[in-house]
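Taking the working numbering, I'd label the letters of the sequence shown as residues 366 to 1220. Backbone N, C-alpha and C define an ideal beta-carbon position, used for all residues, glycine too. A quick note: this is a predicted structure, and the numbers were derived from the prediction, not measured. Heads up: the structure comes next, in structure tokens.
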Amino acid sequence: MTVDRRTSVLLAACLGWAMSVEGADVPLELREGWAIQSSAQVKAGGEAISKPGYSTGGWHRATVPTTVVAALVADGTYPDPHFGTNLRTIPGTSYEIGTNFSNLPMPDDSPFRLPWWYRTEFTVPAAARGKTLWLRFGGINFRSNMWLNGRRLADADETAGAFRIHELDVTGIARPGEANALAVEVFAPQPNDLAITFVDWNPMPPDKVMGLYRPVTISASGPVALRHPLVVTKLNPPAVDRAELTVRVFARNATKAEVRGTLRGAIGDIAFSQDVTLAGGESREIVFSPAAFPALVVKQPKLWWPVHYGPANLHDVELEFLTGGEVSDRAVARFGIREFTAAIDAQGHLVFKVNGKSVLIRGAGWTSEMMLRYTRERDEAEIRYVKHMGLNTIRLEGKLEDEHFFDIADREGILVMPGWCCCDHWEKWEEWKDEDLKVAVASLRDQILRLRGRASVFVWLNGSDGPPAAKVEKAYLDVLEELGFPNPIVSSATEKVAELSGPSGVKMRGPYEYVPPIYWYTDTKLGGPHGFATEIGPGPAPPRVESLKRFLPPDKLWPINEAWEFHCGGGEFRTLGVMNEAMKARYGEARSLEEYALKAQVMAYESHRAMLESFGERKYTATGVIQWMLNNAWPGMIWHLYDYYLRPGGSFFGAKKACEPVHVQYAYDDRSVVVVNSTLQAFPGMKVTARVVDLSGAEKHSRTVTVDIAPDASVKVFALPEPAGLTPTYFVHLSLADASGGLVSRNVYWLSTKPEDLDWDKTAWYFTPIRDYADLTALNTLPTAEVKASARFETSGAEGRAEVVLENPSKALAFFVHLAVRKGPGGEEVLPVFWDDTTSRSSPASASSSEPPTP
């Protein structure tokens, strides 16, 4: 039978970006023209190095933000650490493979044991004369001595903390209209510092990501500067037709004299103002409440909603401080009118609500790039991938990304779940000294000030693998209360009970290693669909062949060897052994790189789909699931939904299928056909069709039922029999059509008549072994299908669009066909890529990109 399959794809391209400076009140980013050098090679001190004209001959050129190793890789001093085992050739990378280097001291011969100098020269616009000048460091890992124009600004004790943000008044030190020189002596973190770790996700660079890893800027204001604007929403659910807005902003008097002025603001056509008096040197938060300013009560507000629930409407609040007839400073913030709440239900599970509506959290854990290299284009692509898959949440465990990341999340309706990291000094509270608590509290304060007004941020986690000790938790809670953090606070990502705040309502019970689909439907005690699982997943996800060839040397591509394992994880996750054993038993032994990569995609698809589908089916007994992980910090073999090169594979398309807004799915435990509605819209008269087909294509069972689907519902429609006479491997084809007959969802499962049996008694913290495997090896006997493709391309600005038509004129089933758009014949694949299936009619012989056969 000939089949017309139409699949569309959006191809994203990258555009450069640069900041332009038009006036003294526009922050000037000190990005270009930096030089770095080891202090071992520099005899001068900060006073001399920070004077204009100091020679940096022989230093390494750099662009900030950058870590030291990132700069040395960029200038060719070191080879690409992502390729093969190159990382081990960089000096200082002598720690045992698979260990958490953040908990170990620098080796004696490491060039990063000593501090490194960062230096640049810049010109402040002459228009800034007479202004207050502010020098801001967005993030330094870990300590630094700062010098400007021969003057010391701050020392290493004052600046300790990878998550601190330092804004310094440099009026009288910086020279508008003249050359200025800035020198920063940066010290790498020690094992007992509150720094940055990658845990067991990937190796740590030998510099422990030391450096200026966030932007350095200089800006100007009048005597009073405005900082950290915030708009807090109070709604009236369930109607949500009325919003009370509270506006808050810090006003800082940089002078020694009292300043009187007027703070005025606007949100669209809503205007408000109040007179303010600030004592010399005073910094105070000014509040506009709806009780005092009735205009801040908004009727019929345009709300911000997460993915699947509605539009992510955003609004701007504009504030300015006037004194002496002039504007001293302005502040603008983009916000969403939304309200998040959370409560622990009768089963002890944490349930989140947005604007009065329960929301099932389905997301994944994010990591920064291994050398903390950032591009706006990559952030755009990755967050668009999250939305394209239908996930609604990103968890940030100690990877508190830059402003642009949150701009995109706010815009795209993606929830963000930030908090501190595990497995290093951040959670060794019993070893903390007074300085540690001071640094931790200051770090929390700096991060909450920048995150508290974000529409996307819906919670804060005070810990990851356990709640803080009582003294630390109290200090954290005091900061969160003082700063008016408007969202729920969770003590940790585990179910361990906090001494002050009590139960968390969440769990962290694994798995992190391969488990088969049936696990997610039969587990009742561990990571299955009950409660809120903050980090779980079916483990490895080896990339597709094209990616493997980018980071493995030709002589290390096959068979699996130490180079593969070097790109696995740490601890128990140093090999692919568990998955490989399952692959051999379930699908048959792979005898080539290409066969292995294909079977790995098939396994990743079915396992990730099953996990996310199981939580959807059992909402709100299941209240949340965070796949571990979303992405990789470098080219990795485990824990991702797309690989380092932004190439989607089986796990990506399995997640995308599971998270369709309105979705038909199969339950592995009781053979039920289930419809899951992840929207707030009702769908009456939906037609559900299920077909059981054996390996030869013969239909063994078929049934169609019409059902009404309520908003945010999970409905078991009917159970499928296991007909007699099935081949050992067979297919279940599901489709969901709307009342007019339009296809809404389609899904295909390949199943075995041999039951899969888990050895629950041998469960470890990271997985449950399989005692007896399903038999899917008959898939190896499928005859070759002739799939024909034609395509039509369009371009619009930086993006392109391709419409691909697939035809399978043969009688053979085309299983797991992958589509790719390339830059000409034999060229590289265009990435990122966003495939959408727009099938108008289908049959057993059709296929789609990285997906199984259609019904």
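Check                                                                                                                   : Outcome
Reference Thr454, options Ser475, Ala436 and Asn468, closest by Cα                                                      : Ser475
Straight-line gap, Val605 to Asn1042 (C-alpha atoms, nearest Å)                                                         : 22 Å
Endpoints, beta strand (DSSP E) assigned at Leu498                                                                      : Thr497 to Phe502
Assigned exposure category for Gln639 - 16 Cβ within 10 Å defines buried                                                : exposed
C-alpha gap between His1183 and Gly1015, whole angstroms                                                                : 10 Å
For Ile779, three-class secondary structure by DSSP                                                                     : coil
Buried versus exposed call for Glu1216 [16 or more other C-beta atoms within 10 Å across all chains shown]              : Note that Glu1216 scores a pLDDT of 41, beneath 50, so its modelled location is shaky; the value from the coordinates is reported in the next line. The residue is buried, with at least 16 neighbouring Cβ atoms inside 10 Å.
Where Arg529 falls: helix, strand or coil (DSSP)                                                                        : coil
As assigned by DSSP and simplified to three states, the class of Met735                                                 : coil
Presumed contact (8 Å Cβ cut-off) between Tyr879 and Pro918, rounded CB distance                                        : With a Cβ gap of about 26 Å, Tyr879 and Pro918 do not count as contacting.
Own chain residues within Cβ distance below 6 Å of Lys599, not counting five before or after                            : Glu609
First and last residue of the uninterrupted alpha helix (DSSP H) at Glu1025                                             : Here Glu1025 belongs to no alpha helix (DSSP H), and DSSP marks it neither H nor E.
Euclidean distance between Cα positions of Gly411 and Pro417                                                            : 12 Å
Span of the alpha helix (DSSP H), counted from its first residue to its last, around Thr887                             : Tyr884 to Thr887
Thr1233 in three-state terms, based on DSSP                                                                             : Residue 1233 is absent from the structure shown; the chain starts at 366 and stops at 1220.
Beta carbon of Asp556 nearer than 7 Å to that of Val434                                                                 : Here residue 556 is Pro; the residue named in the question, Asp, does not match the sequence. No; because the gap between Cβ atoms is not below 7 Å, this pair is not in contact.
Residues of its chain near Tyr750, where Cβ-Cβ distance is below 7 Å and the 5 sequence neighbours each way are ignored : Tyr1007 and Pro1197
Buried or exposed by the 16-neighbour rule on C-beta atoms within 10 Å, applied to Val342                               : With the chain covering only 366 through 1220, there is no way to say anything about residue 342.
Bridge-paired residues (DSSP) for Glu650                                                                                : Phe615
Rounded straight-line distance, which links the Cα of Asp789 to that of Gly828                                          : 12 Å
C-alpha distance - Trp794 paired with Arg617, whole-angstrom precision                                                  : 34 Å
Pair within 7 Å by beta-carbon distance, Leu1091 and Asn1112                                                            : no
Nearest-angstrom Cα separation, counted from Ser1061 out to Glu1230                                                     : Nothing in the structure corresponds to residue 1230, since the chain is present only between 366 and 1220.
Contacting residues, own chain, Cβ-Cβ under 8 Å from Ile1074 (five flanking each side not counted)                      : Val1027, Val1040, Asn1042, Ala1047, Phe1048, Pro1049, Met1051 and Val1080
Residues bridged to Asp437 [DSSP beta-bridge criterion]                                                                 : In the sequence on display, residue 437 carries Leu and not Asp. BP columns for Leu437 are empty, so no partner.
Residue nearest to Pro924 in terms of C-alpha spacing, selected from Gly936, Glu937, Gly935 and Leu941                  : Leu941
Check whether Leu995 and Trp825 have beta carbons under 7 Å apart                                                       : no
Exposure label - Asn926; buried when at least 16 CB within 10 Å                                                         : exposed
DSSP state of Asp1126 mapped onto helix, strand, coil                                                                   : helix
Distance between Gly503 and Arg738 (C-alpha atoms, nearest Å)                                                           : 14 Å
Delimiting residues of the alpha helix (DSSP H) encompassing Trp929                                                     : Glu927 to Phe931
Buried versus exposed call for Glu486 [16 or more other C-beta atoms within 10 Å across all chains shown]               : buried
Exposure of Thr1071, with buried meaning 16 or more beta-carbon neighbours within 10 Å                                  : exposed
Coil, strand or helix - Ser972 by DSSP                                                                                  : helix
With 16 other Cβ atoms within 10 Å as the buried cut-off, status of Arg1136                                             : exposed
Residues sharing a beta bridge with Met1051, DSSP                                                                       : Val1072
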